[in-house]
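Add 5 to a position in the sequence shown, counting from 1, and you land on the number used in the numbering used here.
Using N, Cα and C, we set each Cβ at its ideal position, and we do this for glycine too.
Since the model is a prediction, treat every value here as computed from it, not as a measurement.
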Amino acid sequence: MDATLKTVIDGEIVELPGTIAAIRARLDDDRAAQFDRDIEHVAATELPTALVRWALAGTNAEKEDEELFERLARDEDIGATDAGTPGSEVA
6 MDATLKTVID GEIVELPGTI AAIRARLDDD RAAQFDRDIE HVAATELPTA LVRWALAGTN
66 AEKEDEELFE RLARDEDIGA TDAGTPGSEV A
């Protein structure tokens, strides 16, 4: 069984491909060619982020993020809680 990544999109748990081969296999020919061109030039430290971005391609994740950022820009309450000031954690 291939490795998978899990995330929540539109309130539903979604399994995403978790290997380079599985991500590539989900892409159409044009996007796979773009993936091949892009991924070989990604710095090793940025590889996990790039792979997640490609794994999320074709989902509603980007639209959901855009809508969330629009709500934040309007100062809407999105149900987030204050994480506190860094370094103020109680031991």
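Helix, strand or coil for E45? Go by DSSP, reduced to three states. coil
Distance check for R79 and T64, CA to CA, integer angstroms please. For T64 and R79, the gap between their C-alpha atoms comes out near 25 angstroms.
Is the beta carbon of A66 sitting closer than 8 angstroms to the one on I14? yes
Beta-carbon proximity list for L10, same chain, < 8 angstroms, skipping 5 on both sides: E20, L21, P22, G23, V57, A60
With a threshold of 16 other CB atoms inside 10 Å of the CB of I83, please say whether the residue is buried or exposed. Answer is exposed; the Cβ neighbour count stays below 16.
For I83, which three-state DSSP category applies? Looking at I83 - three-state DSSP - the assignment turns out to be coil, as it is neither helix nor strand.
In whole angstroms, what separates the C-alpha of A5 from that of R31? Absent from the model: residue 5. The displayed extent of the chain is 6 to 96, so no value can be given.
The beta strand (DSSP E) enclosing E20, as first and last residue numbers: 17-22
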